[in-house]
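What follows is one structure encoded as structure tokens, with my remarks underneath.
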Amino acid sequence: MLDHLPEMVVKETHGAGGYGMLVGPASTKAEKFRAVLKEKPNQYIDQPTLVLSTCPTYVESGIALREGSLVVNSSQGGGTKDTWILES
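Structure below.
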């Protein structure tokens, strides 16, 4: 995990709501977070950063989500959108 920290999303194992996490590619706190991970490695999990959809979504306040944002948790400003499959 530590070798690939700038590429990963790191979350608390018992966290919720998108708090206490590191989004490696967008973070300026990776080195500070590294010390926490070394101290309490069993309290965190990591996953690769995923490329998110680039399809704009219109909501009441305008176009949803900041360009380049990797936030998907709705309580942290992320969002969802319906997906329709017309044929399979």
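If you count the sequence shown from 1, position 73 lands on 65 in my numbering, and the numbers rise without skipping.
For each residue, glycine too, the CB sits at the ideal point set by N, CA and C.
Predicted, not measured: the structure shown is a model, and the values here were computed from it.
Here Gly16 is buried: its Cβ has 16 or more other Cβ atoms, across all protein chains shown, within 10 Å.
Where Lys3 is concerned, the enclosing beta strand (DSSP E) starts and stops at Met0 to Glu4. In the structure shown, the three-state DSSP call for Val43 is coil. Judged by beta-carbon spacing, Met13 lies within the 8 Å limit of Lys3, meaning their Cβ atoms are closer than that value. In this chain, the alpha helix (DSSP H) harbouring Lys30 covers Ala22 to Glu31.
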